[in-house]
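Peer 1: One structure is given below, represented as structure tokens, and several questions about it will come after.
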Amino acid sequence: MKKNLLILVLLAFTVLGSSAQSSHKPTVMKPSNYRNKVVLTISGKPSGYYALSHEKPSVINLNGPGVLKVITRVRFAPNASSKLNYQFSYVINGAAPKTAKFSGVVRSEFAAYDLSIDAKPGQSRETEIKLGRGVNTIEFLLPDASAAVDARYIFTPTKDKKTEWISYAPMPPVEPVELVSQEENVKYYRFYKEKPLKVELTGPTELRVFTRIENHFNMKGRINYRLQVKDNNQVVYTYQLSSTHSETTTYKDNAKLIPGKACEFVIEVPKGKHVYEIIPLDEDKSTVLGRTMIPSKAVNLGK
2 MKKNLLILVL
12 LAFTVLGSSA
22 QSSHKPTVMK
32 PSNYRNKVVL
42 TISGKPSGYY
52 ALSHEKPSVI
62 NLNGPGVLKV
72 ITRVRFAPNA
82 SSKLNYQFSY
92 VINGAAPKTA
102 KFSGVVRSEF
112 AAYDLSIDAK
122 PGQSRETEIK
132 LGRGVNTIEF
142 LLPDASAAVD
152 ARYIFTPTKD
162 KKTEWISYAP
172 MPPVEPVELV
182 SQEENVKYYR
192 FYKEKPLKVE
202 LTGPTELRVF
212 TRIENHFNMK
222 GRINYRLQVK
232 DNNQVVYTYQ
242 LSSTHSETTT
252 YKDNAKLIPG
262 KACEFVIEVP
272 KGKHVYEIIP
282 LDEDKSTVLG
292 RTMIPSKAVN
302 LGK
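Spelled out as structure tokens, the structure:
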């Protein structure tokens, strides 16, 4: 009996260990919009890349935290020189653009395009982008048409740091809304373009934001919506969110509306005093519910 119990315990630990490893397994990502796919043969094996453009951004949507590895290869035309320089820019959640630059790249000896592309791929170059918790949208773009570049995206989730979060009320005036989730009452705040959600606090700290689109019964399927974040009246982020009707959360006192599933993002608050405004951008969408939280260890919030 004891032997059987020991075997069951060992099996349980094995399953848990396998689950933990699989949750951090690298995943090949595909752009959600611009999908000009290119197949390369690398050391005899096919590998999918996506051409970057200087007109249409390639958009990758994912949930963090994690690391997005971007593998790029510049194309060598038949009459190209022996070495090429190239660069691309990327924007995370609508923030200021960042640039990755590479110089002195030579042709790859182990990679080749199929016969439809009259060019040779360059040696691969890698760019790692660390992404925080929650929803993340990354846009990739070439600065001009001087170089043709193909990209492959691999995302590896990372373990989220242990943080105890506490509710943090936004600035008045506010419109509280009581929701019921798993038999517990949760307070959200309704906001819209003319009445954004405002939060005042002092950094450095983090601001965790949950939002739910408000749905009428005649609204079906997936709903996409955008939120702009201003810090002291300056636009710092734009989040592209997507949600469906929640199956586990309801309104406490309103049967005419259905809350959407919660979408989450976390803002890294720099040092100093900040007033964040969260503003819906879509004219054709309904109102949005928001809930904000901060780490329990945060001090000197300056509210």
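Each residue of the sequence shown is one higher than the last, beginning at 2 in the working numbering. For glycine and all other residues, C-beta sits at the position ideal for the given N, C-alpha and C. Because the structure is a prediction, the values reported are computed rather than measured.
1) Going by the beta-carbon positions, is the gap between leucine 53 and aspartate 151 smaller than 9 Å?
2) At what residues does the beta strand (DSSP E) containing isoleucine 167 begin and finish?
3) Which of the three DSSP states, helix, strand or coil, is assigned to asparagine 34?
4) Nearest to valine 92 by CA position, among Pro122, Gly105, Val107, Pro58, is which residue?
5) Can the beta-carbon of asparagine 46 be found less than 9 Å from the beta-carbon of tyrosine 154?
6) Does the Cβ-Cβ distance between tyrosine 51 and asparagine 37 come in under 9 Å?
7) Does DSSP put methionine 294 in a helix, a strand or coil?
8) Span of the beta strand (DSSP E) holding proline 79?
9) So the candidates are Thr206, His275, Val276; which of them puts its Cα closest to the Cα of isoleucine 295?
10) Count the other C-beta atoms from every protein chain shown that fall within 10 angstroms of the C-beta of glycine 273, then say buried if there are 16 or more, exposed otherwise.
11) On the DSSP bridge list, what partners appear for isoleucine 259?
12) Could you name the residues of the same chain whose beta carbon sits closer than 7 Å to that of threonine 100, not counting the 5 residues immediately before and after it, in chain order?
13) Which partner residues of valine 175 appear in the DSSP bridge assignment?
14) What three-state label does DSSP hand alanine 120 in the structure shown?
15) Does the distance from the CB of alanine 78 to the CB of alanine 120 come in under 9 Å?
16) Since alanine 96 is in the beta strand (DSSP E), which residue starts that stretch and which ends it?
Peer 2: A quick look at the data gives this:
1) yes
2) 166-168
3) coil
4) Pro58
5) Sequence inspection shows lysine at residue 46; the asparagine mentioned does not correspond to that position. No; because the gap between Cβ atoms is not below 9 Å, this pair is not in contact.
6) yes
7) strand
8) Premise fails: proline 79 is in no beta strand (DSSP E) and is neither H nor E.
9) Thr206
10) exposed
11) Asn216
12) Gln88, Ser90
13) According to DSSP, which records beta bridges pairwise, valine 175 is partnered with nothing at all.
14) coil
15) yes
16) Careful: alanine 96 lies outside any beta strand (DSSP E) and carries neither H nor E.
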